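Engineer: Following this message is one structure expressed as structure tokens.
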Amino acid sequence: MQIRQATLADAQAIAQLEQSQLEAELDPSQRGGIMTGQSFSLGDIQTLIKAHWIVLAEQDGTIISYVIAGKWSFFESWPIYRRLLGRMSELEFDGKSLNKQNCCQYGPIWISPAHRGQGLFEVMVTELKLAVKQQYPYMLTFISEENERSFAAHTNKASMQVVDFFGFDGRDYYLLATANEG
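Residue numbering for the sequence shown follows my numbering, starting at 22 and increasing by one per position.
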């Protein structure tokens, strides 16, 4: 298995995985409804690769995991991120105020079902933290209240801490932060 930064040659495969996993975080009873997960187009993926961060794990030429982080300038046009940015002045982590200059948006992370539970989550988050820490000491993310598995992974394996809780578009979310120590 190889862990590396994504290249433009990976963009199509990542975009296809994004589309196939669009509703993976949702309870099966919610799938196919009005609530959908976060998804990036091929163009978004290409922009993230060129100007932000995508770390992936590859095995035998197949992407088995990827994780994304981006500057707020990429995310701020989407309503949920505007909501987060509006709350940013109220957020503190590790005794510091979080802002657009010292933190970036983290996520999503995806791991192939066949490779879950094998320690890959921690490896991927650690690699992303190393890639991002030169520019941002902190990362911020949100996780749906219903997504207990993701919440447990982020708080137990990625050292993320809840800094706020908010509602948006009929769903409730934890807002979590982590320091990019490597």
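Beta carbons are placed, not taken as given, at the ideal position from N, Cα and C, and that holds for glycine. Keep in mind it's a predicted model, so treat the numbers as computed, not measured.
Are LEU106 and GLU97 closer than 8 Å when you measure CB to CB?
Structural biologist: Result yes, Cβ atoms of LEU106 and GLU97 sit closer than 8 Å.
Engineer: I need the straight-line Cα distance from ILE132 to TRP99, nearest angstrom please.
Structural biologist: 25 Å
Engineer: With a threshold of 6 Å on Cβ separation, who are the neighbours of LEU146 within its own chain once the five nearest residues in sequence on each side are excluded?
Structural biologist: Correcting the residue type first, residue 146 is Val in the shown sequence and not Leu. Only ALA179 meet the Cβ criterion.
Engineer: Kindly list the residues whose CB is nearer than 6 Å to the CB of ALA34, restricted to its own chain and excluding five residues on each side of it in sequence; keep chain order.
Structural biologist: The beta carbon of ALA34 lies closer than 6 Å to those of ILE84 in the same chain, with the five residues before and after it left out.
Engineer: By alpha-carbon positions, which one of ILE66, GLY188, LEU38 and TYR127 ends up nearest to ASN201?
Structural biologist: TYR127
Engineer: From LEU29 to LEU69, what does the alpha carbon distance come to, in whole angstroms?
Structural biologist: 10 Å
Engineer: Quick check on GLY58: does DSSP put it in helix, strand or coil?
Structural biologist: Low local confidence applies: a pLDDT of 47 at GLY58 is under 50, so the model's placement there is unreliable, and no value is given.
Engineer: Terminal residues of the continuous alpha helix (DSSP H) containing GLN40?
Structural biologist: 32 to 41
Engineer: Using three-state DSSP, classify TRP99 as helix, strand or coil.
Structural biologist: coil
Engineer: Spatial neighbours of GLU143 within its chain, please: CB distance less than 6 Å, with the 5 preceding and 5 following residues excluded, ordered by chain position.
Structural biologist: LYS178
Engineer: Leaving out five residues on either side along the sequence, give the residues of the same chain with a beta carbon under 7 Å from the beta carbon of HIS136.
Structural biologist: Same-chain partners within the cutoff: ILE85 and SER86.
Engineer: Since MET160 sits in a beta bridge, which residues does DSSP pair it with?
Structural biologist: Within the DSSP secondary-structure output, MET160 pairs in a beta bridge with CYS125 and THR199.
Engineer: Indicate the three-state DSSP secondary structure (helix, strand or coil) for GLU46 in the structure shown.
Structural biologist: Annotation note: pLDDT 48 at GLU46 (below 50); position unreliable, coordinate value reported separately. Looking at GLU46 - three-state DSSP - the assignment turns out to be coil, as it is neither helix nor strand.
Engineer: Please name the residue, chosen from ALA152, PRO134, ILE89 and GLY116, that lies closest to THR162 on a Cα-to-Cα basis.
Structural biologist: ILE89
Engineer: Around the C-beta of GLY116, are 16 or more other C-beta atoms found within 10 angstroms, so that it is buried, or is it exposed?
Structural biologist: exposed
Engineer: Using DSSP bridges, identify the partner residues of TRP74.
Structural biologist: Residue pairing for TRP74: DSSP places it in a beta bridge opposite ALA90.
Engineer: Considering only residues of the same chain and omitting the five flanking positions on each side of SER118, which have a CB-CB separation below 8 Å?
Structural biologist: If the five residues before and after SER118 are omitted, its C-beta is found closer than 8 Å to the C-beta atoms of SER110 and LEU112, all from its own chain and listed in chain order.
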